[in-house]
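Counting in this note's numbering, the sequence shown runs from 29 upward without gaps.
Note that CB positions come from ideal geometry on N, CA and C, so glycine has one too.
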Amino acid sequence: MLTDEYKLHKGAKEGVQYIRDELESMEAALAKVSEVPPDLLDKQVKLWATKVRKMSYNIEDTIDSFMVSSSGSSTACCCVGGKSLLPRTYKARGDIAAEIERIKKEVEEVSKRRERYKVDSIVAPAPSASDPRLLALYEDEAKLVGIDQSREEIIKLLSMEGEGEGASEQKLKLISIVGPGGMGKTTLANAVYQKLEGKFECTAFVSVSLQPNMKNILSSILRQVTSKIKDDEVDNDKNKRVRRQESQKHYGNTETWSEKEIIDKIRHALEKRRYLILIDDIWDEKPWKLIKCVLAENKLGNKVIMTTRNVDVARSCCSSDKVDGIVHELQPLSDCDSEQLFYYKIFGNYGCPAELKVVSQKILEKCEGWPLGIIAIASLLANKPTQTKDQWCSVYNSISTGLENNHGVKDMRLILSLSYRDMPLQLRACLLYLSIFPEDQIIGRDDLIRRWIAEDLVRGRQDDNLYELGDKYFNELINRSMIQPTDVDAFGRAQACKVHDLVLEFITFLSAEEDFVTILNGQQPFPPQPDSIHRLSLRNSKGEHGIPQATKRLPHVRTLFVSSRANSMPPLSIFPVLRVLELEQCTRRNIRGVENLVHLRYLRLSQAYHYYYDVCIKLPEEIGNLQFLQTLDLKEARIKELPSTVVHLRQVRVLEISLRKWDKRCEERLLQCLCNLKQLEALYIFAPDYSLDFMLRVDWAPSHLRRFTVCARQNEENASLTAFVHWLAFSPFSTLPKWINSSLSHLSNLSIVVKILLQEDILSLGCLPALCSLYLQVIEAPTKERLEITERTGGHAIAFCCLVNFRFMSRAMGLVFRPGAMKGLQRLSLTFDVAETKDVYVDFNLGLENLTSLQALDVELDCRCATTSEVQAAEDATYLNARHPTFHVSRHFTEDMRCDQEEEIPELETMRAGLARIGPCGEGGGRACDIKVVPQRLESVTIYSGSLVESLVFSYRDHDGKRHTAGPWGSHPGENNDVIHLEPSEILKEVSGTVGSYGALTNVITSLTLVTSARTYGPFGKGDGIPFSMEAASNSSIIGFFGRSGWYLDAIGVYTRPL
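This is the structure in structure tokens:
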């Protein structure tokens, strides 16, 4: 890239080529070094590896600075070797050539050391230390905690319960126990093996390990399966018995045999016998493919148990046609079992002193049921001369940041290091990067991958999609049980992850050793060599950030993560080559100078929730200087406005924004910015009260867009109806933008809120060729006829051909699924108002029986103002799918349901009671609202208002003196809550107000005023619109209300009765 960017003379080009070749060679040497456990490496080799890593960082920083200076930014100031240089300095080819020559000399020196230290001759030795897992094989069964239930479950999965004569016709059964290192896989597998081995004629237990010697493993299987063949199976002829005994002795020495000869002998031994084989700690498929060759297919009910840390390996081994395979993911110990194991290892019994009980629970919460971690920390505490609360608290506080060294902790790290060393170098770097986050942090998948890319931890060929490659890395870390998946979606895809606290302790330990991540949390001192800091995590909540004030520059820091736990941060000017910046408690003050971080590729700002609506962040006008910025994540920071230079951010691939206001100037800037973002892949806009209809007017279709989200509420996609309490009254879009069509060939995730949905919009959505997940919220019922989702679009193409997950929210359920609709849909979530749906569409015939691939159905019903029979009918309609998917129905606001006999008051009864109706005033929007029982006296009225009357609640007494409450009519909470309690002698005489427009809504009640015999209340609302008034006769009083409501109060009328 450097040679392409600059016209270098021949000598400089040759220097660049030499540096590249040497670095590639050194990377290969580093890979060999990394296969050797650190404690077995020569000190000089360690120093050489450290020097190579440091040199690589410096070279990358230098090249980055060349590229920044060549970008043409007039304000860009690049940094090399900690020194700030003007851009035009490096535009001089002579200076660039001189820097290349300097780097070349440094590389040559490191290369010579490599030869002196004979780095290339390093070979990873066979493990000589005792494997800590061996102890699991010889543990007294009576001391094993939490094993019984798991063991019986495995035996049941192996179909051993009740197995008798029918076993002779059974297929080979394989169960693969999968879980992270130290979870107890070997212990459990051995417990099953010990209980079952007496039921088989031949048995074998072998451990494969990370670097298996397959010939030795096969020889071990041969010796074990033949040693159990009983003498009574041999002919009584003495000569044959002698020959057999000699043969068994001969099997003890198989060094001269080929693998094929050993396999043939094993198959011959197993050919007519029932066998049980345990294959422990298998790391990849190759050993399994060889071991599988020995498994004779004799249909005698043979069993194979396998343990592995890798989910993919487990699935692959179980997928063979010749075996009946089951993957069993090992679960953590229960809280009770964790306690028993912990206390037994420390005290020798299952009790705990009362003063240590609370801190012991905190420690166990950190261990999360992980046996190896529990044992490691228990052994650490058990070795203390006395057991005090302060000592236990100290150990608790050191989890995730650095435990003391003792045998238990070393064993834990040794087992984790096996998994770590099995990874390729790039995957290791991605794992170590996670140590920058505090414990218990939920880390978003997309955010993490974008960080990796910004740091160049994800590298591929020129035509590789780096995001997809990073996605594979993320999945691989899950499959290797190094991170825990969270927020798993309908596709089984984790949208986030977390790191087990003890895995975090391990990678934090490694990161500190390799100067990969530096953590300042008030416990560690500032490093003596600031140049060795490459990634910095600030977490100190008690004092200063920990960087000495005299520090003017940290020249090689690439990532700065300031946690919400940190209460201060240094000036950004000391980080000249920063690539990744995240500030969790962003303020106006601590983003000063961000526009000068010209190397920046990832910027994420967020605010504490309680500051979100009070404090706005003002981005610097020069934000456009960040020419290399790829991710701009502002969705959790309320931004005052978009600076004009935002249009120059042409490299942005992820744009997530939340603005305080959307004026014409902001709209134009956003549109121009979007038009310039040719590589945009993800767009998120949080618009709680502002229209985005300006985006409907443009012919704009980003061809690389993969994810588009428009929210009117924070965390809207994951919230339930109960969490909202009130339906949305405002939509950012009045209708679906026309540019959301088949031209968006990469759009896989769409989340949008629209006021009205049309049949043509359904066709447009159905034409999106890559759409996998759709979240659609509709404010208003589209028509009196439901919109149809059919098998095909307008032409011959299959509609929604890739859709797997669909969530639909609307007050009235206005969709119907026709035969053949959404053929691939696996998960469906519906949220609707029962009474509204009944009013608009009469029935609940949704066509759910036509969804032939449905696996999970979630339905949330708003039961307000609906009768019990209507709610039951809505629920029954969702049971019609013949596939019987996993089904969940939630009824919300059931306290506001009506019994079937509690219909609106019949007019005849109203007349008999002497009541009169006045009104309603307003239009016929929303649904009818009325009281359930004839009122005798009005007691209170509650009005929620802001710019209009948003909802109404009132209480009254019937002729028996029983109290009733009606409402809320309208669904928005409102800014103000005014409660009017009428005195015993006070009666309501007049209700007046105004009817007008609000936003996209027309003819809603914009204000109310109540006049009683004692005083006037109001006006409530702003009073814009046409006035109205309803007054009781001189000898009457107002005792109740009726009307219509939707998002707000649409119409209001009153009941009066004589005094």
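- Distance between SER178 and LEU699, taken at the CA atoms: about 59 Å.
- Closest in alpha carbon position to THR215, among LEU306, GLY848, SER1025, LEU628, is LEU306.
- Distances from the alpha-carbon of ARG955 to those of GLU967, ALA894, GLU533, GLU283 put ALA894 closest.
- In this structure, PRO671 sits away from SER719, with a CB-CB distance that is not shorter than 8 Å.
- Looking at the DSSP output, GLY353 sits in a beta bridge with LEU202.
- Residues VAL738 of the same chain have their beta carbon placed closer than 6 Å to that of ILE780, with the five preceding and five following residues left out of the count.
- Taking 8 Å as the cut-off, the Cβ atoms of THR763 and ASP789 count as close.
- In the DSSP assignment, GLU888 falls outside any alpha helix (DSSP H) and within the unbroken beta strand (DSSP E) covering 884-890.
- Taken in chain order, the unbroken stretches of beta strand (DSSP E) that lie wholly in the segment 348-401 and span 3 residues or more are 352-357.
- Cβ-Cβ distances below 7 Å link VAL726 to LEU699 in the same chain, with the five nearest sequence neighbours on each side left out; the list follows chain order.
- Given a length threshold of 3 residues, each whole run of the beta strand (DSSP E) inside the segment 1019-1054 is given here in chain order: 1029-1040, 1044-1049.
- In the three-state reduction of the DSSP assignment, LYS580 falls in the coil class, being assigned neither a helical nor a strand state.
- Under the 10 Å beta carbon count, ASP49 is surrounded by fewer than 16 other beta carbons and is classified as exposed.
- Looking only at THR1084, GLY1046, ARG678, ASP89, the smallest Cα-Cα distance to GLY1068 is reached by THR1084.
- Per the DSSP secondary-structure output, LYS526 pairs in a beta bridge with GLN512.
- Nearest C-alpha to GLY472 among PRO452, ILE511, THR818: ILE511.
- Contact between the segment 408-424 and the segment 536-543 is absent: fewer than 3 CB-CB pairs across the two stretches fall below 8 Å.
- Rounded to whole angstroms, the gap between the alpha carbons of VAL680 and GLU650 is 16 Å.
- Here ILE1054 is exposed: its Cβ has fewer than 16 other Cβ atoms, across all protein chains shown, within 10 Å.
- Within the model, the alpha-carbon separation for VAL674 versus GLU55 is close to 39 Å.
- The bridge partners DSSP lists for VAL844 are GLU816.
- DSSP places HIS987 outside both helix and strand once states are collapsed to three, so it counts as coil.
- Beta-bridge partners of TRP285 (DSSP): none assigned.
- Excluding the 5 residues flanking it on each side, GLU903 has same chain C-beta neighbours closer than 6 Å at VAL917, in chain order.
- Under the three-state reduction of DSSP output, LYS317 falls in the helix class.
- For ILE946, same chain residues with a beta-carbon under 7 Å away, outside a window of 5 residues either side, are MET1058, GLY1081, VAL1082, THR1084 in chain order.
- As DSSP reads the structure, GLN805 sits in a beta bridge with VAL781, MET837.
- Listed in chain order, the alpha helix (DSSP H) runs fully inside the segment 860-923 are 862-869, 896-905, counting runs of at least 4 residues.
- For GLY621, the secondary structure class from DSSP, reduced to helix, strand or coil, is coil.
- Annotated three-state conformation of PRO558 is helix, per DSSP.
- In this chain, ASP958 is not harboured by any alpha helix (DSSP H), its DSSP state being neither H nor E.
- When DSSP states are grouped into helix, strand and coil, HIS676 belongs to the helix group.
- Taking all protein chains shown into account, GLU813 has fewer than 16 neighbouring C-beta atoms within 10 Å of its C-beta and is therefore exposed.
- Approximately 6 Å separates the beta-carbon atoms of ALA57 and ARG142; this is inside 8 Å, confirming the contact.
- Using a Cβ distance threshold of 8 Å, ALA522 and ASP515 count as a contacting pair.
- Taking 8 Å as the upper bound for CB-CB distance, ASN549 and ARG567 are in contact here, some 4 Å apart.
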